[in-house]
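Trainee: Quick note: the sequence shown, position 151, residue 151 per our numbering, numbers continuous.
C-beta: ideal position from N, C-alpha, C; glycine also.
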Amino acid sequence: MKAASVQAKTALVTGCSSGIGRAIAFQLRHQGWHVYPTARSEHDLAHLRSHGFQALQLDVLDPSSIQDCVSSLAKRCPSGIGALVNNAGIVIPGAVEDLSREDLSKQFEVNVFGLQELTNTLIPTLRHQGWGRIVHISSIFGVLTAPMVGGYCASKYALEALANAQRMELRGSGVALSLIEPGAIRSNLRSNAMKHLQNKLSTKHHFHSEYKQTLKKQTASNQQTGQRMQSPEIVARKVHHAIASNHPKRRYFVTSEAQLGAIASRALPDFLIDRLMQSITP
């Protein structure tokens, strides 16, 4: 899609304590952007600042934190805000019947509601400028659904629907919105999800044995899986294209498995997709 040129190479990147967010921050800075990475904890903020970043505190669960972050960013960027990269996210695993209302609420609060509130808070500034980029780090699980991560998939489907609508609503504003849909990427997201599953393991659950098997297989395959997973830098390069090109894509499928998954979601009947996703889920 055609987009107005970005007039100020400044970017706010959320969720930069590790993994994909951290890789994005370093990649954009390497490409000459003035990056404002965010994190929640003082420890992570101090770590980012030790690398020369002007890191900002942000908790997407807290509306006042969102307002404070945007206000601080505006003061630091008198020439305008070039890009917002929404990377912060969590995975709360478990069979759908075992996900509590609290589980689903937290999954959506971080991956959808907080992200969208931050985006909507910045959009008036971007509209006033007449230029700017918004990039959401989604997932191939926003296109395909897998067992044991139904809540996470649902949050990514919701994010994709909101992004698709908002992209069309921004037409003519000079502001472009892109989705990044990675496959298997090395990050803390998966390990944190396994820790969550371990903590909530209970014999009360119908899927107790499946959870134990998932944890066992995950532990046994960590080394092999790590070798198969792609570096987060591959995502960072797609993000740079989305914010720097005058013709950013509406969506970027990152890794070959994400590309194949997108094709499968459109070409295969549901019963084959079910078998495929059940076969590759730990």
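Who are residue 63's beta bridge partners in DSSP?
Mentor: Locating residue 63 in the sequence shown gives position 63, counting from the first residue. Its beta-bridge partners do not exist; DSSP assigns none.
Trainee: Relative to the C-alpha of residue 115, which candidate in 277, 26, 258, 15 has its C-alpha closest?
Mentor: The residue given as residue 115 occupies position 115 in the sequence shown. Considering only alpha carbons, the answer is 15.
Trainee: If you reduce the DSSP assignment to three classes, tell me which class residue 261 lands in.
Mentor: The count along the sequence shown starts at 1 and reaches residue 261 at position 261. Note: residue 261 maps to helix in three-state DSSP.
Trainee: Nearest to residue 65 by alpha carbon, out of 121, 31, 243, 46?
Mentor: Taking the sequence shown and counting its residues from 1, one reaches residue 65 at position 65. Residue 65 has its Cα closest to that of 121, out of 121, 31, 243, 46.
Trainee: If you draw a straight line from the C-alpha of residue 219 to the C-alpha of residue 93, how long is it?
Mentor: Taking the first residue of the sequence shown as position 1, residue 219 is located at position 219. Taking the first residue of the sequence shown as position 1, residue 93 is located at position 93. Caution applies to residue 219, whose pLDDT of 47 falls short of 50 and renders its modelled position unreliable; the model cannot decide the point.
Trainee: Residues bridged to residue 121 by DSSP?
Mentor: Numbered from 1 along the sequence shown, position 121 holds the residue referred to as residue 121. Residue 121 is not bridged to any residue.
Trainee: Cβ of residue 39 within 8 Å of Cβ of residue 48?
Mentor: Taking the sequence shown and counting its residues from 1, the one referred to as residue 39 is at position 39. Taking the sequence shown and counting its residues from 1, the one referred to as residue 48 is at position 48. Closer than 8 Å, so yes.
Trainee: Within 10 angstroms of the Cβ of residue 84, are there 16 or more other Cβ atoms? Answer buried if so, exposed if not.
Mentor: The residue you call residue 84 lines up with position 84 of the sequence shown. Buried.
Trainee: Following the continuous beta strand (DSSP E) through residue 180, name the residue where it begins and the one where it ends.
Mentor: As a first step, residue 180 must be located in the sequence shown, where it is residue number 180. From DSSP, the beta strand (DSSP E) with residue 180 extends over 175–182.
Trainee: Write down the C-beta distance between residue 140 and residue 261 rounded to the nearest angstrom, noting that I regard them as a contact closer than 8 Å.
Mentor: Residue mapping note: residue 140 aligns to position 140 of the sequence shown, counting from 1. Residue mapping note: residue 261 aligns to position 261 of the sequence shown, counting from 1. Yes, residue 140 and residue 261 are in contact; Cβ-Cβ is about 5 Å, under 8 Å.
Trainee: Just the Cα atoms here: how many angstroms apart are residue 50 and residue 268?
Mentor: What you label residue 50 is simply residue 50 of the sequence shown in a count that begins at 1. What you label residue 268 is simply residue 268 of the sequence shown in a count that begins at 1. When rounded, the distance between both Cα atoms is 49 Å.
Trainee: With the cut-off set at 8 Å, would you say residue 155 and residue 107 are in Cβ contact?
Mentor: Along the sequence shown, one-based indexing puts residue 155 at 155. Along the sequence shown, one-based indexing puts residue 107 at 107. Their beta carbons are under 8 Å apart, which means residue 155 touches residue 107 by this criterion.
Trainee: I'd like to know if the segment 167–184 and the segment 271–280 are in contact, where contact means that at least 3 CB-CB pairs between them fall below 8 Å.
Mentor: Not touching, per the Cβ criterion.
Trainee: Using a threshold of 8 Å, state whether the C-beta atoms of residue 134 and residue 87 are closer than that.
Mentor: Position 134 of the sequence shown, counting from 1, holds the residue named residue 134. Position 87 of the sequence shown, counting from 1, holds the residue named residue 87. No.
Trainee: Are residue 181 and residue 143 close, meaning C-beta to C-beta below 8 Å?
Mentor: As a first step, residue 181 is located in the sequence shown; it is residue number 181 there, counting from the start. As a first step, residue 143 is located in the sequence shown; it is residue number 143 there, counting from the start. Cβ distance < 8 Å, so residue 181 and residue 143 count as in contact.
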